[in-house]
Structures are given as C-alpha cells and as structure tokens.
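Peer 1: Those protein sequences? They're chains D and V, same order as listed.
Take the first sequence: its position 110, counted from the start at 1, is 142 in the numbering used here, and no numbers get skipped.
Take the second sequence: its position 17, counted from the start at 1, is 106 in the numbering used here, and no numbers get skipped.
Backbone N, C-alpha and C define an ideal beta-carbon position, used for all residues, glycine too.
I'd like to ask you about the structure that follows.
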Amino acid sequence: MSVTLPPTSAPAPFENVGVAPSLEARLVGQLRGREDLEAYRAAGGYAEGAERGGALIAAVEAAHLRGRGGAAFPTSVKWRSVAERPGPRYLLANGGEREPLSFKDRYLLGQRPHLVLEGLLLAAEAIGAEAAYVFVTESALERSVVTAVAELGSTAVPVLVHRADSGYAGAEETAAIRAIGGGPALPVAKPPRPYEQGLFGSPTLVQNVETLANVPTIAHNGWEAFQAVGTDGSPGTFLLSASGECGAPGLYEVPLGIELSAAFDAVAGGFAGTPKAFLVGGFFGGLLPAADHSVTLDYDELATRDSGLGCGAVHVVGPDRCPIGVAAEVMGYLAGESTGQCGPCVKGTAGMAETLTALIRGSADDEEIARLERWSTALPGRGACGLLDGAALLARSVLRNFGEEVARHLSHGCATCGTNDRAGGAIAKEVRSR
Amino acid sequence: MRVHVDPTKCQGYGQCHEVCPDVFGLDEWGYAEVSEAAAQAAEREPAILAAAAACPEGAIIVETSDATGVEEN
C-alpha cells in the first residue's frame, strides 16, 4: 500500500497522563510521546502465542469485554454477529473522537498506535475480515496511524486509514461507514445495522479504538487476567478523561468500578473545591448531582441512575459554576451540532436549548419546563444517531437531579448564571485547547 | 412486525397518520412517531403497509421477518 503523509505536525503531547496507583497499565504506555514499533515490541507487543481466531472470540466473550465508545455493548456479540455472516466482511476501528470532553482515542492513536493496531489485526483475523479501516477525524492522528502501518510493512489483513472532517455526529458508526464509502460523514437510520450492512454493503464490525486496545491484553494474558480488575459486569480498566475543576485535568487509566471521588483523588489531584455537579460520559451521560460524588464508575451502576459512563469522560462542575448554566451550554452545543438531517433532532435540541437558556436568563415559565420534561422522555430514539438521545438525557438529568435549582431559577433567577462567562461552548473550547 | 420511521427522510407530510392513525402519530412539529405496541396487532398489518406505501419520502421501514440480532441501544 502506498501512502501519502499529510502535512501536519505530530500529535500534541499530553501533559497529564497516568495510571491509578497499584494498577498495572494496559492502555497507558510507559513512554512520553509516540510509541513506535520497536518500542512496542520491546514492551511485549506483537509477541508470539497470542490467542487467535475462534479461540480469541471465546476469550473476549469470557472476559466480558464491553465497548468503550459509549454503548458498552458486549464486544464478543458484535464479533460473532459479523463472523457468522457471509463475506466479504470488514472491520472499522472508529477513532473519530468528536466528543469535546474526551481525549482517550486521540491519545491511543497518537501515542500508542500499535496497541490499537495489534487489537485491530487480531479482531480482523478472528472475524475473517477482508480489510480493516481506521477512521480518524484529525490529520495528526492519520499521520500517526499511517506511519504505524508503514512500520509494520505487510499485514495479514490490509489496513487502510481514512480521515474525514466531521462534526460531532460525523464520528457515529454509520457516518464513518458512509464517509469511507465516499459519501458525507453523516449518520443514517438503522436498521440495517453495520453488522448486517456496513462498509460497501457488507457485514462490518465497528469498534471504538479503546475497545480494540484491550484485545491484546486478553489475547496474550487470557480472560482471567483481564478480569483481575474491574467489576463482574464491567471488568477491566478504562481511560478516564478528567476535566473541569480538579487538581490535574488529564487522561488516566483507572479500574472500572472505582468511585468517582476516589478516581479523582488517586490520579487527577482531587476536586478543586466542593463540586456542584458532574458531567459523566462526556455530553452523553447527563449531569449528576454533587451527592453522587461516590458513585462507582461502571456501566451498570451509572445505568441505574439514568446516566452512562459512555466514553469515560468526567467533567467536574466546581463551586463557582451553576449546573443549570452548564446544562444550557452543553445543550446549546448539541443543538449546534445537530446535522439537520432529522426533524425531531433539529426542533428538539433547539427547543431544549432555548428552554434552558431562558431558564438561566430568568425568563422561563412553568409551561416551558413542563414541555422540557415531555421532550426529555418523548424524543429519545427519534434521531438517526444518538445526539438527540444524549440531549434528552441531559434534560432529564437536570429536571430529576436539580429540581430545586430549576425552581430557584424560575422564581429568583441565578446570580451565578448572570455572570457566567462560560456560555457559548466554553467547555468545548477549554478542553480542545489542551 | 417491526415498524420504523427513518428520521432522515420524514418530512412531516402526515400521510401515514391519515392512513393508519393508530400506529403513526404526529409530534408537535408534524413528524411521524410510531406506536410500537399498536404496530404489534396483526390486524393492522394491511394499514401499516398502506401507510408505508403512502409516504412520499419512503420513510417508513417495515420489518416483516423474525430477524433478531444486535441491538446496541
């Protein structure tokens, strides 16, 4: 395969990257900077003796590995769903990280591309893929992965890298498939799902790059070793994108099941002041109240609170900020990122953003809040991608977890919101500037 | 029978609601909403298929097989 490197600089270094104390790192590398093939091999990567093929699928099933892109879906179910269908089959590693509060995929592709590629090659072989694609949305990451593929030389399954400029929804799995097929990076309605008809109309396994980065651990060390940390339902580790009011915002590998406050104490310098709220799962898990500071960060526990760990991003809303103001900001961002394809998403996100904005400006009324409540439960599932679902969940979380604050905004307004200079996507700008 | 409305295609013409109001409601903006419970009734199948045929955008997806598989959400 001939490649042309894009004219760009290397991926930006991550200032704060670490691993929870006493945890043996699986995803975070030992190097500061990009790990090349020689370094990866020296650390045991691509070693002989890895579990392969059907045995690897069985090991992934026994490990109970769940997807790290947001849905936490059982990985082995996806693998089998593609592997059992007639070929040609494809694999798509989704590294299109457009979630403003998440930077794990950028770290993995930029700093540890071979960890992802080894997982990708093992998965591609296990499902009998004709080819594997790595989808990225940033030229620096494209360069890193293309370089890694070139370092490998020939591979058992051809690996191609595809970059598309896309917005928030453009990294959704069907949008990535569409982009690679020559179309715009925009989501399409399901069904069919990618495991039925994906790339070029063929069964396609779409996996987040962090999910694939967990595969070498299982293939080399076995599923029992993989389950040595984490919970029964959410085994293993995950990359925590920590941001907001904490001592050391950054990217940290922590065990699934760790308490939120314990995670920040262990790796992110603790909370800076007493938090008022937490954005969990980036912009997709809603807003948790301060009282949930000890919630365990695992897929099942957060699901019981109508939230979700999602991509593993947690943003601390500190004492000088208003949770309603933050929600208004995030909702405004989501409304702006609606692709305009689905009427309920266009109207619904705009309506919810208007209501929350009216709330922080002191001009909302009970009728608008009642409408927001109705939208928060009626709109999920009404868009082609999950953007509208995330927006509705955010609205639900505000009404459920911050009822007193909502009432106070209705009756007395909010001094914090009135002086809040974080409106207009400041969270996104803050994180992206890193 | 499983019925879906492709939200990228629905333009809110409301033809589905005219033909089969029990299964296809309209939201406050006029876009079609499916009542999955109502769609399960076998006697509604002809009306559902007629509603799908009536949609000028071809936005209604009807799954008549017993296909099951990966549902991520």
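Within the continuous alpha helix (DSSP H) that includes Ile159 of chain D, where are the two ends?
Peer 2: Element bounds for Ile159 of chain D: 145-159.
Peer 1: With which residues is Val307 of chain D paired in a DSSP beta bridge?
Peer 2: Strictly speaking, residue 307 of chain D in this sequence is Pro, with Val absent from that position. Answer is none; Pro307 of chain D lacks a bridge partner.
Peer 1: Using only the alpha-carbon positions, how far apart do Val247 of chain D and Leu218 of chain D sit?
Peer 2: Distance between the alpha carbons of Val247 of chain D and Leu218 of chain D is about 29 Å.
Peer 1: How would you list, in chain order, the residues of chain V whose beta-carbon sits under 7 Å from the beta-carbon of Cys374 of chain D?
Peer 2: Those within 7 Å of Cys374 of chain D in chain V are Pro96, Thr97.
Peer 1: How would you list, in chain order, the residues of chain V whose beta-carbon sits under 9 Å from the beta-carbon of Val220 of chain D?
Peer 2: Going along chain V in sequence order, the residues near Val220 of chain D (Cβ under 9 Å) are Asp95, Thr97.
Peer 1: Return the chain-ordered list of same chain residues with a C-beta closer than 7 Å to the C-beta of Cys99 of chain V, the five sequence neighbours on each side being excluded.
Peer 2: Result list for Cys99 of chain V: Tyr120, Ala121, Glu146, Ala148, in chain order.
Peer 1: If distances are taken between C-alpha atoms only, which option among D:Trp111, D:Ala300, D:Phe296, D:Gly342 comes closest to Tyr227 of chain D?
Peer 2: That would be D:Trp111, whose Cα lies nearest to the Cα of Tyr227 of chain D.
Peer 1: What does the alpha-carbon distance come out to for the pair Arg428 of chain D and Arg403 of chain D?
Peer 2: Taking the straight line joining both Cα atoms gives about 12 Å.
Peer 1: What residues in its chain sit with their C-beta under 7 Å from that of Thr157 of chain V, if we drop five residues either side in the sequence?
Peer 2: Caution applies to Thr157 of chain V, whose pLDDT of 44 falls short of 50 and renders its modelled position unreliable; the model cannot decide the point.
Peer 1: Can you tell me whether DSSP reads Ser273 of chain D as helix, strand or coil?
Peer 2: Ser273 of chain D: strand per DSSP, three-state reduction.
Peer 1: Taking only the alpha-carbon atoms, compute the straight-line gap between Leu88 of chain D and Arg414 of chain D and give it to the nearest angstrom.
Peer 2: Using only the alpha carbons, I get a separation of about 37 Å.
Peer 1: Between Ala390 of chain D and the rest of its own chain, which residues show a CB-CB distance below 7 Å, the 5 nearest in sequence each way excluded?
Peer 2: For Ala390 of chain D, where only same-chain residues beyond five positions count, the Cβ hits under 7 Å are Ala396, Glu400.
Peer 1: Kindly indicate if chain V contains any beta-carbon less than 7 Å away from that of Ala217 of chain D.
Peer 2: False, the Cβ-Cβ gap to chain V never drops below 7 Å.
Peer 1: Within 7 Å (strictly less), CB to CB, does Ala416 of chain D reach chain V?
Peer 2: Yes - at least one Cβ of chain V is within 7 Å of the one on Ala416 of chain D.
Peer 1: Helix, strand or coil: which one does DSSP assign to Ile89 of chain D?
Peer 2: Ile89 of chain D: helix per DSSP, three-state reduction.
Peer 1: Whose Cβ in chain V lies nearer than 8 Å to the Cβ of Pro223 of chain D?
Peer 2: Within chain V, the residues near Pro223 of chain D are His93, Ile150, Glu152.
Peer 1: Have a look at Ala164 of chain D and Ala221 of chain D and give me their C-alpha separation to the nearest angstrom.
Peer 2: Taking the straight line joining both Cα atoms gives about 23 Å.
Peer 1: Can you confirm whether Tyr102 of chain V, when its beta carbon is compared against all beta carbons of chain D, has any partner nearer than 7 Å?
Peer 2: Cβ-Cβ to chain D under 7 Å: no for Tyr102 of chain V.
Peer 1: Using a beta-carbon distance cut-off of less than 7 Å, what residues from the region 293-312 of chain D approach chain V?
Peer 2: Listed by position, the residues of the region 293-312 of chain D near chain V (Cβ gap below 7 Å) amount to none.
Peer 1: Of the choices D:Val346, D:Gly65, D:Phe258, D:Ala208, whose alpha-carbon is the least far from that of Pro307 of chain D?
Peer 2: That would be D:Val346, whose Cα lies nearest to the Cα of Pro307 of chain D.
Peer 1: Going by DSSP, what residues sit across from Ile149 of chain V in a beta bridge?
Peer 2: Ile149 of chain V is bridged to V:Val94.
Peer 1: For Glu285 of chain D, which beta-bridge partners are listed by DSSP?
Peer 2: Glu285 of chain D pairs with D:Val51, D:Leu271.
Peer 1: So Leu283 of chain D and Val49 of chain D are in contact, right, with Cβ under 8 Å, and what is the actual spacing, rounded?
Peer 2: Right, the Cβ-Cβ distance comes to about 5 Å (below 8 Å), so this counts as a contact.
Peer 1: Can you name the residues of chain V whose CB is closer than 7 Å to the CB of Lys379 of chain D?
Peer 2: Trp118, listed in chain order.
Peer 1: Mapping the DSSP letters down to three states, classify Leu115 of chain V as helix, strand or coil.
Peer 2: Three-state result, Leu115 of chain V: strand.
Peer 1: Which of the three DSSP states is assigned to Pro321 of chain D in this structure?
Peer 2: Here Pro321 of chain D sits in strand by DSSP.
Peer 1: In whole angstroms, what is the alpha-carbon distance linking Val69 of chain D and Ala75 of chain D?
Peer 2: Rather than Val, the amino acid found at residue 69 of chain D in this sequence is Leu. Looking at the two C-alpha atoms, the distance is approximately 10 Å.
Peer 1: Counting only C-beta atoms, is Asp453 of chain D closer than 7 Å to chain V at any point?
Peer 2: Confidence in Asp453 of chain D is poor, its pLDDT being 44 and thus under 50, which makes the residue's placement unreliable; the coordinate value appears in the next sentence. Chain V contact via Cβ: absent.
Peer 1: Tell me the DSSP bridge mates of Val299 of chain D?
Peer 2: Its beta-bridge partners do not exist; DSSP assigns none.
Peer 1: Quick one: measure Cβ to Cβ for Leu133 of chain D and Arg84 of chain D, integer angstroms, because I've assumed they're closer than 8 Å.
Peer 2: At roughly 36 Å, the Cβ-Cβ gap does not stay under 8 Å, so Leu133 of chain D and Arg84 of chain D are not in contact.
Peer 1: Below 8 Å on the Cβ atoms is my guess for Val189 of chain D versus Ala161 of chain D; work out the distance and round it to an integer in Å.
Peer 2: Going by Cβ atoms, the distance from Val189 of chain D to Ala161 of chain D rounds to 6 Å, so yes, they are a contact pair.
Peer 1: Consult DSSP for Thr187 of chain D and reduce its assignment to one of helix, strand or coil.
Peer 2: Coil, per DSSP.
Peer 1: Determine the direct distance from the alpha carbon of Gly114 of chain V to that of Pro135 of chain V, and round the result to whole angstroms.
Peer 2: The alpha-carbon atoms of Pro135 of chain V and Gly114 of chain V are separated by roughly 17 Å.
Peer 1: List the residues that DSSP assigns as beta-bridge partners of Arg121 of chain D.
Peer 2: Answer is D:Ala161, bridged to Arg121 of chain D.
Peer 1: So is Leu420 of chain D buried or exposed if we call it buried at 16+ other beta carbons inside 10 Å?
Peer 2: The residue is buried, with at least 16 neighbouring Cβ atoms inside 10 Å.
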